[in-house]
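Input: a single structure, listed below in C-alpha cells.
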Amino acid sequence: MTPAEQFQVDPEIAVERGSEEPALIVDVEGFEGPLDLLLMLARQQKVDLAKISILALADQYLAFIEAASQVRLELAADYLVMAAWLAYLKSRLLLPESNDAVGPSAEEMAAALALRLKRLEAIRGAAERLVARPQLERDVFRRGAPEPIVDVKRPEWTATLYDLLSAYAAQRQKRALARVRVPQRQVWSLAEARAALERLVGGSDDWSRLDEYLVAYVTEPGLRATVYASSFAATLEMVREGLVEIHQHAVFAPIYLRKRIGQPNGAIGPHAAAMKTETKGEEEGRG
Amino acid sequence: MRSLAKQHEVIAHPRAMGGDYDRDAVPEIRPEELRLLEALLFASAEPLDEKTLAARMPDWADVRAALDRLQREYASRGVNLVRIAGKWTFRTAVDLAWLLARDSVEPRKLSRAATETLAIIAYHQPVTRAEIEEIRGVSASRGTLDVLLETGWIRPRGRRKAPGRPITFGTTDAFLSHFGLDSIGDLPGLDELKGTGLLDGQLPAGFAVPVPSDDLNLREDEDPLEPGDLDLGLGPRVSEG
Amino acid sequence: MRSLAKQHEVIAHPRAMGGDYDRDAVPEIRPEELRLLEALLFASAEPLDEKTLAARMPDWADVRAALDRLQREYASRGVNLVRIAGKWTFRTAVDLAWLLARDSVEPRKLSRAATETLAIIAYHQPVTRAEIEEIRGVSASRGTLDVLLETGWIRPRGRRKAPGRPITFGTTDAFLSHFGLDSIGDLPGLDELKGTGLLDGQLPAGFAVPVPSDDLNLREDEDPLEPGDLDLGLGPRVSEG
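Residue numbers (my numbering), protein chains in the order written: chain Y, -9 to 277; chain U, 22 to 262; chain W, 22 to 262.
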C-alpha cells in the first residue's frame, strides 16, 4: 500500500469522526493526535499489535505525514514531533546498536511505543464496552414516582434532676411564704352574727342549741371558728340587752339559748356572765 | 368467610405456603404483557390511564385483563397496583405507611409548669389533680398532665376513695431511669434540699417535704383504675408538634 | 438436577403453571419481610444499603436472605431488584429498554474524547490529567474534564504526591449507578485488562496503578484536596445547555 493510496482511504474515516466530534478535529484528518493515527496505521497491518513491525509502522507514518503535508501546509506540531521521533527510532533500529549507548535501546523504545498503542487500543475497547452497558434513564429506569419518606418528629422530653428539684423547691418555698404573708382569714363580723341570731331566735320560744342554729352558716370548716366566736359574743351582748337567755349545764357542754320572754334584766343574767370566760376559752382553743 | 376457607386450604397444603423459599426456583411463566405493564407503571412519574398504556403496549396485549391480573398479583405485596382517578400506578401498601415514616426524635425541654407538676407528683404521689393544684396554688392546665403522660414519666395509679373518685398519679420506672434515680427514695428530703441551697431557711414551722413512695401497691385510700380510665384522654397522645 | 425435578413436578400438576390465571387467586402467603422490603425499596428514590434496610426492618427479619429471595422473585419480572454501588434498588428490566426509551430525555451523547477519558479514569483511577494525556496521546482539552465533572460521574479525589502535586481523578457512586455497576470491580473487561498487564502501563515509577479503585480513602501517593481546589473550575458547573 502506497502512502498515496493510504491517504485516499482516510477521508472516510475523517468524515465519520469529524461528524461525531467537530470540536475536536485535529489538523490531520480528524485523528486525535499522532498516537491515534499510529494506532489506525497499525491496525491496517492487520496483525496482532504484539507482533507489529514498528519499523514498518514508522515508514507508514512518515509516508502519511509526507502525503498530508503535500495537501496541507500546516501540520500540528505534535505530528511533526512524532515524525521526527519515529525517523530517529527508525535510524536507531536500522543501525547496529552501539555498546556504549546511554538510555533505552532502540528495541526498548519500539516496545514502549507498541505498548502505548496496545494500551490505547485496550482502553478504547473498554470505553466501547462501558458505554454499551445499559445506562440509567436510557435503557433502564428507576421508579418514576418515588414515595418520599415522611419525617415524623417525635418530641423527646428532657429535664434534669436539677430542673426538677429546683422547680419543686422554688414553688414550695414560694407557696409556704405566701401563706404566712397573706393570712386570708375570713371573719364573721359581730354584726353579721347578731343579725343571723336575731333571725334564728325570733322563730322559736323553746331552748335551742347554739351550734345547731349555726349549722346553716358553717359551710366551710375554715369558717367554723370565726362563726362560733362572733355568734357567742353576739349572744352575750343580746343577753345583756335582755333579748335572749342562754344556758349551759356543764363546762364544754352545748350552749342553749332561747328568746327571753317578759323580764328585761332576768335572774340568769349574772349566771350567764359567769359562764362567759369558760365558754369563750373553749372556742378559742378550737380556733 | 371466603378468606377463612382459603386459609384453611392453604394450611391443608403446606407445600403451597410462601415459607418455602425453594418454591421460587420454579420458573415462573408469566405473560410478557405483565412485564411490560410492570415496567411502564414503575418507571412512569405519573399514574397512567388504560388508553395511554394500551398505546404503549404491543397490539396483541389485552391491557385490561393484564391490569386486573397484575392488581391481583400485587394485592398481597408490599407494593400494590392501585387505580387513582381512573389511572393506574404502583403504591406502597397502605398498611406499611409506618415503615415509610422516619421517626426523628426532637429533644424538647419540659416547661416550667410541667416540671413543677412532675416534681409534685414525684414527692407527693399518689396525688390527685386537685391536690397538685392546691400545692401549686394554680389550676393545672390539661396540657401539662398530657405532656407528662406523654413523657412516660407519670402514670395514673388508681382512684382516690373520696367524693368524685379522682384519679391518683404516680411516677414510673421511666421516671427513675431518666433522672438517674435508683429509687424514688433517692429524691432529696427537706434537709438535703436545704443543704444544697435549693430551699432557704425562711420556712414556716411545720413546713415538710414528704418522703415519696412509688410503691406499686395501691394505698388504703386508693381504688384500682377501671377499664376505660386510660382511654379518657389520659393515654399518650400523638404529638401535635 | 434439582430444578429438573421441580419442573417435572410442575408438569405433573398443570394447575400450578403460570399460564393459568386462576393460580393468582390463591392468596400468596409470603414472609412479611418481603412485603416490607418491597415497600421500602419501591418507595425510595435512591438505592438503599443493607444497613439502612436492616435499621428500618423489624429485628427478626433476615434482611440478607429476604433480599436474595426478592431478587430471585423479581428476576423474571419487568422490574428487577439490582445491587448498585453496594446498594439495592428496583430498576426496569434491561430488555425492556425499547418500551421505555420514549420516557427518556435523550441524554447528551458523550464525545469520543469524553468517553475515552471517562474509561481511562474508571479503569486507571486514581489518575491525573497528565496520565490521561499519556494514554490517549493527546493533550486533554479542558472541556472534556469539565463535561465529565458536570455529569457527576467523576470527581477530583486528591493530589498526587509528586512534583506539581497534580489533582487525581476517580469515579463516583453516580457513575456506578448510571452504568448499573455494583462496584468498580464489575467494570466490563476489567479482569481481561488486568490480565494483559495493560493497566500497569509503562507509566513512570510512582504512577503505576495496577487496579482501579474508587475507594473513598486516598492512596498512599495521594494527598487530600485543599480548600479551594474545587473552585478552580474543576467543580461541577451549571450546565450551559
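For glycine and all other residues, C-beta sits at the position ideal for the given N, C-alpha and C.
Proximity of chain U to F131(Y) at the Cβ level (cut-off 7 Å) is accounted for by A64, in chain order. By the beta-carbon neighbour count (other beta carbons within 10 angstroms, threshold 16), R189(Y) is exposed. Less than 9 Å divides the Cβ of L131(W) from the Cβ of V168(W). Residues of chain W with a Cβ closer than 9 Å to the Cβ of P24(Y) are, in chain order, G158, V159. Chain Y has no Cβ within less than 9 Å of the Cβ of Y95(U).
The distance from the Cβ of L88(W) to that of R56(U) is about 21 Å, inconsistent with a contact at the 8 Å cut-off. At a cut-off of 9 Å between C-beta atoms, A117(Y) does not count as an interface residue with respect to chain U. Taking C-alpha positions only, P187(W) is separated from L246(W) by approximately 10 Å. Counting of Cβ neighbours within 10 angstroms places K80(Y) among the buried residues, the total reaching 16 or more.
Counted as a single uninterrupted DSSP element, the alpha helix (DSSP H) harbouring V229(Y) occupies residues 214 to 230. Going by C-alpha positions, P177(U) is about 18 Å away from P184(U). About 4 Å separates the Cβ atoms of T189(U) and P147(U), confirming a contact at the 8 Å cut-off. Per DSSP, L120(U) is not a residue of any beta strand (DSSP E), being assigned neither H nor E. Per DSSP, T136(W) is one residue of the alpha helix (DSSP H) stretching across 133 to 145. Remark: C-beta atoms of R165(Y) and M228(Y) do not approach each other more closely than 9 Å.
Three or more beta-carbon pairs separated by less than 8 Å are not found between the region 150 to 158 of chain W and the region 122 to 132 of chain Y, which leaves the two stretches without contact. In terms of Cα proximity to R240(W), the closest of R180(W), L211(W), A195(W), D207(W) is R180(W).
CA-CA distance, A134(W) to H199(W), rounds to 19 Å.
Under the DSSP definition of a beta bridge, E127(U) partners with P145(Y). Taken through DSSP and simplified to helix, strand or coil, T113(U) comes out as strand.
Between the region 209 to 219 of chain W and the region 109 to 123 of chain Y, the count of Cβ pairs shorter than 8 Å is three or higher; the stretches touch. Under a 10 Å Cβ-count criterion, F242(Y) is classified as exposed, with fewer than 16 other Cβ atoms of the shown protein chains found around its own Cβ.
The continuous beta strand (DSSP E) containing H237(Y) extends over residues 234 to 237.
Exclusion of the five residues before and after Y95(W) leaves N101, L102, F111 as the residues of its chain whose Cβ lies within less than 8 Å of its Cβ. Chain Y places a beta carbon closer than 9 Å to that of V115(W), counting this residue as a contact. In this structure, the alpha-carbon of T172(W) lies about 35 Å from that of A86(W). In its chain, beyond the 5 residues on either side, I153, I156 have a beta carbon closer than 6 Å to the beta carbon of I141(W).
Inclusion of A64(W) and T193(U) in the CB contact set at 9 Å is not warranted, their separation being larger than that value.
Residue environment analysis places Y152(Y) among the exposed positions, since fewer than 16 neighbouring C-beta atoms fall within 10 angstroms of its C-beta. One Cα belongs to R90(U), the other to A76(U), and the distance between them is close to 19 Å. For E243(U), the enclosing beta strand (DSSP E) has its first and last residue at 243 to 245. Taking C-alpha positions only, A57(Y) is separated from K41(Y) by approximately 26 Å. Residue contact check for F111(U) against chain W: a CB pair falls below 9 Å. In the three-state reduction of the DSSP assignment, S198(Y) falls in the strand class. One alpha carbon belongs to Q60(Y), the other to Q50(Y), and they sit about 15 Å apart. At a cut-off of 9 Å, the C-beta of V84(W) has no neighbouring C-beta in chain U.
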